[in-house]
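The listed protein sequences derive, respectively, from chains A and B. Everything in the first sequence is counted per the working numbering, starting at 27 for the first residue and increasing by one. Everything in the second sequence is counted per the working numbering, starting at 27 for the first residue and increasing by one. All C-beta atoms in this analysis are idealised placements derived from N, C-alpha and C, irrespective of residue type, glycine included. Here is the structure we will look at, set down as structure tokens.
There are 2 protein chains.
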Amino acid sequence: MVGIKEVAAHAGVSVATVSRVLNDSPKVTEETRAKVHAAVKALRYRPNAVARSLRTEATHTLGLIIGDILNPFFAVLARAVEDEARAAGYTVVIGNADERPEQQDHYVRTLLEQRVDGLLICPTAEVTPLVEDCVAAGGPLVFLDRTLPGLEVPSVRVDGTSAIHELIRHLHDLGYRRIAFISGPELLSTGRERTQAYMDAMRASGLEIREEYMEAGDFQAASGQAIAARFLELPEPPQVIFAGDNLMALGALDEIRARGMRIPEDVALASFDDVAWFVHVDPPITAIAQPAEELGRRAVRALLERIEHRPVEPVVLPARLVTRRSCGETGKP
Amino acid sequence: MVGIKEVAAHAGVSVATVSRVLNDSPKVTEETRAKVHAAVKALRYRPNAVARSLRTEATHTLGLIIGDILNPFFAVLARAVEDEARAAGYTVVIGNADERPEQQDHYVRTLLEQRVDGLLICPTAEVTPLVEDCVAAGGPLVFLDRTLPGLEVPSVRVDGTSAIHELIRHLHDLGYRRIAFISGPELLSTGRERTQAYMDAMRASGLEIREEYMEAGDFQAASGQAIAARFLELPEPPQVIFAGDNLMALGALDEIRARGMRIPEDVALASFDDVAWFVHVDPPITAIAQPAEELGRRAVRALLERIEHRPVEPVVLPARLVTRRSCGETGKP
DNA sequence: TCCTCCCATGTAATCGTTTCCATGAAGGGA
DNA sequence: TCCCTTCATGGAAACGATTACATGGGAGGA
Chain A
27 MVGIKEVAAH AGVSVATVSR VLNDSPKVTE ETRAKVHAAV KALRYRPNAV ARSLRTEATH
87 TLGLIIGDIL NPFFAVLARA VEDEARAAGY TVVIGNADER PEQQDHYVRT LLEQRVDGLL
147 ICPTAEVTPL VEDCVAAGGP LVFLDRTLPG LEVPSVRVDG TSAIHELIRH LHDLGYRRIA
207 FISGPELLST GRERTQAYMD AMRASGLEIR EEYMEAGDFQ AASGQAIAAR FLELPEPPQV
267 IFAGDNLMAL GALDEIRARG MRIPEDVALA SFDDVAWFVH VDPPITAIAQ PAEELGRRAV
327 RALLERIEHR PVEPVVLPAR LVTRRSCGET GKP
Chain B
27 MVGIKEVAAH AGVSVATVSR VLNDSPKVTE ETRAKVHAAV KALRYRPNAV ARSLRTEATH
87 TLGLIIGDIL NPFFAVLARA VEDEARAAGY TVVIGNADER PEQQDHYVRT LLEQRVDGLL
147 ICPTAEVTPL VEDCVAAGGP LVFLDRTLPG LEVPSVRVDG TSAIHELIRH LHDLGYRRIA
207 FISGPELLST GRERTQAYMD AMRASGLEIR EEYMEAGDFQ AASGQAIAAR FLELPEPPQV
267 IFAGDNLMAL GALDEIRARG MRIPEDVALA SFDDVAWFVH VDPPITAIAQ PAEELGRRAV
327 RALLERIEHR PVEPVVLPAR LVTRRSCGET GKP
């Protein structure tokens, strides 16, 4: 492949001059600049970013490690991160941890070796030694969506607490009393937060928190289905099933349908985390919408601040309740 | 950051030896190997992939340029590509062209500069000069899902023709005669192919191809909605709307719902390209399923063959008709 | 006319690896 | 005992860019 040397030879100048032209340094004659550009075009020269990065110690690349690209929430997040990063002149390398700590570690390792300029992680479950190292090493790192306890890392996340309170109030107002919750993994900050908010909100509305109306899934559809099944088998089944994320809501929906039950007449359904097609399901599903794009954009901005050694304070965005027909009549007092 | 030199000093050996240990070359004593590993661990050494790539001329990275990560079809594709690539020791950099030629070019340029070992492109519309260059330069390149005319590039794609014939036959058997088609952009090979197959299949079933029952969208939801609206406004509206991709099907679904029409009683709906939530819509939507995972995996394999300079023949996978309730009673003769 | 200053340009070191080649010690066969 | 072979190890040259520093020519002032 043609390098800067060939360009220099073709243009009759030194490699230094070519480099200056390419980085449009001001100290170069208009004439030589033209010659170099001509040579670049003639030889179809493409700068070698690898060599440049080696010398400049910057790759203009960000790493993003997410739970699962097939989850629409993460897809939207990834898309937003990419857009914002591109606007700032960065490329994003996405790693799919698939919610597995070892795969998360695989990507942390790979991305560190690739010398990404910064790392955005939606941490999966545990504090792995690698992540700890990474924090200790002080490389630019920002936690996205989720946080890990005990680590001094800036984070950009959504707080769903008030939206969950709103949802429970809404359900209470509609006359529902027996509200079950399919929670997420205890190991994830988002899982813990939503569970806590559910319990607080139930108490706040004067509703009873029943042991058998709470069970933890793994944020995947299958667990939502299984748990919904158990709820519906109870001697006194819940009137509402509230799922802790969109995939478990999907699983619950399948289970309810499979039993030939009607929504919301036989059982109502709500989801934390709204996705585009919830509108198209029959009935449309009441959900708590997270500002995923905003989240992604803010995360990139925070990371860039860290990269430039500016102080960065944590970002917490609010979620929003979107009421639809899956919980019965809305819009009526 | 600590480099190979520090490791060498700490272990009391030369950099050459450290390098040999890291690449586990056989010609190294068990004893020195141990010393080096100890030093690596003690110093928390991380190999610098940038420097390594510069020297070895290989980045172990593949580029993937897709239309839009928010389209579930591409999300599944991207996921499969990543999985297969990781299994082969490669990292994938995903570029979101957003169906815009200039953004596609942005990624082609960036990825070439990053010296990816190979490039997987779902080409957007036009043959841009950059892509032409890229082909001329002979860098490992494979077209995925879509192809570009007149370029000698191996491709891995789905042929939906027979599935479309099957669909039209199915609709004909159910008694439908007026079948409208929301086609994709003429500029995309997939768009052209599906349109051609629709027309052929209509003729094969002895059905009339009516000018007003064909209109091209842009593979995005909004266009599907607008075109469905026009179809439904016709003096003699179609009995079935067949959308050329999942997003346009979604748009059409919205339009039909907005008009308070019932599916399939008032108008039936079918989609090229099946997505997970089609099952959960009411009624579930008849669709032509593409083997997206298989497509992604085969594309990576083909690309790796090209990288290793082995001959690679084009791959064409069949699509499959999945009948559901949106086109009326199925499973009955 | 000559000195000085400026500024465009060139030379060469450098980034962290890999890898070719040299080196020297050890071992074995004669 | 000596020489040849084998093999682990080290020295140093790449890879392709950036950049500090050197250089030289031209212009302008005295």
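Member of A111/A, P211/A and I194/A whose CA lies at the smallest distance from the CA of E13/A: Outside the shown range of chain A, which is 27 to 359, sits residue 13/A, and nothing can be said about it.
Since P310/A and R283/A should fall inside the 8 Å C-beta cutoff, what is the C-beta to C-beta distance between them, to a whole number of angstroms? Going by Cβ atoms, the distance from P310/A to R283/A rounds to 15 Å, so no, they are not a contact pair.
Against chain A, does I120/B count as a neighbour if the rule is that its beta carbon must be under 9 Å from one of theirs? Taking a beta-carbon distance threshold of 9 Å, I120/B counts as an interface residue toward chain A.
C-alpha distance - V44/B paired with I30/B, whole-angstrom precision: 7 Å
Touch test, the segment 243-263 of chain A against the segment 188-195 of chain A, Cβ-Cβ under 8 Å, three pairs minimum: As far as the Cβ criterion goes, the segment 243-263 of chain A does not touch the segment 188-195 of chain A, which means the pair count is below three.
Is it a yes or a no for the segment 318-330 of chain A touching the segment 99-117 of chain A, going by three-plus beta-carbon pairs under 8 Å? yes
Through-space distance from F257/A to D291/A, alpha-carbon basis: The sequence as given places Glu at residue 291/A; Asp does not occur at that position. E291/A and F257/A: Cα-Cα distance of roughly 16 Å.
Starting from the Cα of V338/A, find the closest Cα among E178/A, F100/A, A302/A and S297/A and give me that residue. E178/A
Note down the Cα distance separating D300/B from S79/B, rounded to an integer number of angstroms. Rounded to the nearest angstrom, the gap between the Cα atoms of D300/B and S79/B is 40 Å.
Quick one: Cα of E259/B to Cα of Q246/B, how far? 21 Å
Cβ shell of R332/B (< 8 Å), same chain only, five flanking positions each side left out: G144, P166, L167, V168, P180 and V338
Quick one: which chain A residues come within Cβ less than 8 Å of L138/B? R72
CA nearest to the CA of H196/A, picked from C160/A, D185/A and V266/A: Ranking C160/A, D185/A and V266/A by CA distance to the CA of H196/A puts V266/A first.
Neighbourhood of V118/B by C-beta, 7 Å cutoff - its chain only, sequence neighbours within 5 removed: L88, L90, V107, E108 and A111
F298/A Cβ short of 8 Å to the ligand PLP heavy atom set: For the structure depicted, the ligand PLP is absent and the ligand set is empty, with no information on it obtainable.
By the 10 Å Cβ neighbour count, where 16 or more other Cβ atoms means buried, how is G115/A classified, buried or exposed? exposed
From K53/A to R46/A, what does the alpha carbon distance come to, in whole angstroms? C-alpha separation (whole angstroms): 8 Å.
Please say whether T173/A and S215/A have beta carbons closer to each other than 9 Å? yes
Do the CB positions of V153/B and D171/B come within less than 9 Å of each other? No, they are not a contact pair.
Min CB distance E108/A to chain B below 9 Å: yes
In terms of alpha-carbon separation, which member of V142/A, Y133/A and A104/A lies closest to G121/B? A104/A
Taking R283/B as part of the alpha helix (DSSP H), name the residues at either end of that continuous run. N272 to A284
Determine the direct distance from the alpha carbon of E128/B to that of N49/B, and round the result to whole angstroms. 40 Å
In the DSSP output, what is P344/B paired with across the bridge? D185/B.
Residue from S231/A, F268/A, R204/A and L200/A whose Cα sits closest to the Cα of T221/A: Minimum Cα distance to T221/A is reached at F268/A.
Is the beta carbon of A42/A closer than 9 Å to that of A65/A? no
Cα separation between V28/B and P317/B? Answer to the nearest angstrom: the Cα atoms are 46 Å apart.
Could you list the residues in the segment 166-188 of chain B with a C-beta less than 8 Å from some C-beta on chain A, going in chain order? none
Touching by the beta-carbon criterion (3+ pairs, under 8 Å), the segment 155-165 of chain B and the segment 199-213 of chain B: no
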